[in-house]
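Quick note: UniProt numbering has the sequence shown finishing at residue 380, numbered continuously throughout. Report on one structure; see the data block that follows.
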Amino acid sequence: MNAPQEPPVTLLPTGFIDLLQHEAEAEAQGIARIMDVFSQYGYEQVRPPLIEFEASLLAGGGQALSAQTFRILDPDSRRMLALRPDMTTQISRIAATRLAERPRPLRLSYAGSCVLVGTPGRDGARQITQVGLELIGPDSAEADAEVILVTSSALSALQVANVSIDLSCPNIAKALIATETFTAAQEATLIQALDRKDVAAVRDLGGTLAPVLTQLLRATGPARHALEILTQLDLPLSAADEVRRLQEVVNAVWTADPTIILTIDPAEFRGWQYHTGLCMTVFAADVREEIGRGGRYLSYEQEAACGMTLRPEALLKATPPVSLKKRVYLPHGTSAARSHKLREDGFATVAGLNEVSSPCAEARRLRCAYYILQDKLVEV
Numbered sequence: 001m002n003a004p005q006e007p008p009v010t011l012l013p014t015g016f017i018d019l020l021q022h023e024a025e026a027e028a029q030g031i032a033r034i035m036d037v038f039s040q041y042g043y044e045q046v047r048p049p050l051i052e053f054e055a056s057l058l059a060g061g062g063q064a065l066s067a068q069t070f071r072i073l074d075p076d077s078r079r080m081l082a083l084r085p086d087m088t089t090q091i092s093r094i095a096a097t098r099l100a101e102r103p104r105p106l107r108l109s110y111a112g113s114c115v116l117v118g119t120p121g122r123d124g125a126r127q128i129t130q131v132g133l134e135l136i137g138p139d140s141a142e143a144d145a146e147v148i149l150v151t152s153s154a155l156s157a158l159q160v161a162n163v164s165i166d167l168s169c170p171n172i173a174k175a176l177i178a179t180e181t182f183t184a185a186q187e188a189t190l191i192q193a194l195d196r197k198d199v200a201a202v203r204d205l206g207g208t209l210a211p212v213l214t215q216l217l218r219a220t221g222p223a224r225h226a227l228e229i230l231t232q233l234d235l236p237l238s239a240a241d242e243v244r245r246l247q248e249v250v251n252a253v254w255t256a257d258p259t260i261i262l263t264i265d266p267a268e269f270r271g272w273q274y275h276t277g278l279c280m281t282v283f284a285a286d287v288r289e290e291i292g293r294g295g296r297y298l299s300y301e302q303e304a305a306c307g308m309t310l311r312p313e314a315l316l317k318a319t320p321p322v323s324l325k326k327r328v329y330l331p332h333g334t335s336a337a338r339s340h341k342l343r344e345d346g347f348a349t350v351a352g353l354n355e356v357s358s359p360c361a362e363a364r365r366l367r368c369a370y371y372i373l374q375d376k377l378v379e380v
């Protein structure tokens, strides 16, 4: 048998890509605008490390991310390290340790790369960028609403059109199901049917809860319509409290900004591994995938928190194209004052490192839109 051939040295692993000039510039500009908006609302940036000890990174709610975590052995400490698949748990750690004495509410923001194991046999990015914010301390509708409002403001700064934020609350269905004596297997199957919006299966599996659970599935769509249905349901106290909180959040958001489009899907479960209350998913009409998600969870030491993580790779598909700076070729010997003035005027200067016979041809070769000729700006 022939030994398997080594891949070309330039081949990247599945799920990893190079971002070239225009894409990298677009991402950098987009992240900078988002972080600037977060800063305007009092969210201070922190930067956790890409790698931590496995025991630290996957503590608490981080356990839900275990299957998506790359692990490596640290040759120094001989302990297992883990590459972060998500940054939220790291922000929780920082808040509970380094910033434990800071007054609450604690508002933090972050941006950075994460690495995922991915799903075997499926294409998909395994290095992703995250940019987000976390509001740590208060457990209130006003705090949930602030996360939504700041997220909306950041997307407006990027000129993302037709944004909608979908609100879900898995605890409503879970509280209902807890009132019956389902086995663990029956409960898992019923939740799966609810998640798929399979009305027939819910009727078959729901027992005495089938009527109210099918009504729960009907309460999906624009927030006002969904709340009209949810508030009429005969729910146990814990589920009714979740609906009341959901209504308070919607009212708080619309009081501040009635133009924000809110939808509700009360029986959405997928991807909410460590969330404990209201969950949020952000969509844009021109992008098939979600552009962000977040919600309420318990931070380290069981501290209340709510956050949102945006995905620049997805949301930048919905933003206007980024215009790179016009490049100006500076023939060798161009004065420093002249090049400085061009940069102040918004141009990118490309300095000639040696004499050339044709500055125009050299400018064209180096993808410059202009060049300097006798101290004048000339278009190529």
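Where a beta carbon is used, it is the ideal one built from N, C-alpha and C, also for glycine.
To which residues of the same chain is residue 65 closer than 6 Å at the C-beta, ignoring the five residues directly before and after it? Residues 85 and 86 of the same chain have their beta carbon placed closer than 6 Å to that of residue 65, with the five preceding and five following residues left out of the count.
From the DSSP output, in three-state form, read off residue 275 for me. Three-state DSSP puts residue 275 in a strand.
What number of angstroms, rounded off, separates the C-alpha of residue 52 from the C-alpha of residue 125? Using only the alpha carbons, I get a separation of about 21 Å.
Runs of beta strand (DSSP E) lying entirely within the stretch 225 to 288, each at least 3 residues, in chain order: Qualifying beta strand (DSSP E) stretches, in chain order: 261 to 264 and 275 to 284.
Please report how far the alpha carbon of residue 233 lies from the alpha carbon of residue 45, in whole angstroms. Per the coordinates, the alpha-carbon of residue 233 lies some 42 Å from the alpha-carbon of residue 45.
Taking a contact to mean a Cβ-Cβ separation below 9 Å, would you say residue 167 touches residue 267 in this structure? It is not a contact, given that the beta carbons lie outside the stated cut-off.
Mind checking residue 115: buried by the 16 CB within 10 Å criterion, or exposed? Its Cβ being crowded by 16 or more others within 10 Å, residue 115 is buried.
Does the separation of the CB atoms of residue 106 and residue 146 fall below 9 Å? Going by C-beta atoms, residue 106 is not nearer than 9 Å to residue 146.
Considering only the alpha carbon of each residue, which of 90, 172, 180 and 54 lies closest to residue 77? Out of 90, 172, 180 and 54, the CA that lies nearest to the CA of residue 77 is found in 54.
Here's a check: name, in chain order, each residue in its chain whose Cβ is nearer than 7 Å to the Cβ of residue 215, leaving out the five neighbours to either side. Around residue 215: 229 and 233.
With residue 212 as the anchor, note down where its alpha helix (DSSP H) starts and where it stops. Here the alpha helix (DSSP H) through residue 212 covers 210 to 218.
Beta-carbon spacing of residue 82, residue 69 below 9 Å: Yes, the Cβ-Cβ distance between residue 82 and residue 69 is below 9 Å.
What do you reckon, are the CB atoms on residue 315 and residue 330 nearer than 9 Å? With contacts defined as CB atoms closer than 9 Å, residue 315 and residue 330 fail to qualify as a contacting pair.
Sort 103, 149, 374 and 140 by Cα distance to residue 277 and report the nearest one. Just measuring C-alpha positions, the residue of 103, 149, 374 and 140 sitting nearest residue 277 is 140.
Just to confirm my understanding: we take residue 378, look at its own chain, exclude 5 residues before and 5 after, and list those with CB closer than 8 Å. What are they? For residue 378, where only same-chain residues beyond five positions count, the Cβ hits under 8 Å are 360, 370, 371 and 372.
Identify the residues that DSSP records as bridge partners of residue 372: which are they? Note: residue 372 sits in a beta bridge opposite 377.
For residue 338 and residue 345, what's the separation of their Cα atoms in angstroms? Those two C-alpha atoms are separated by around 11 Å.
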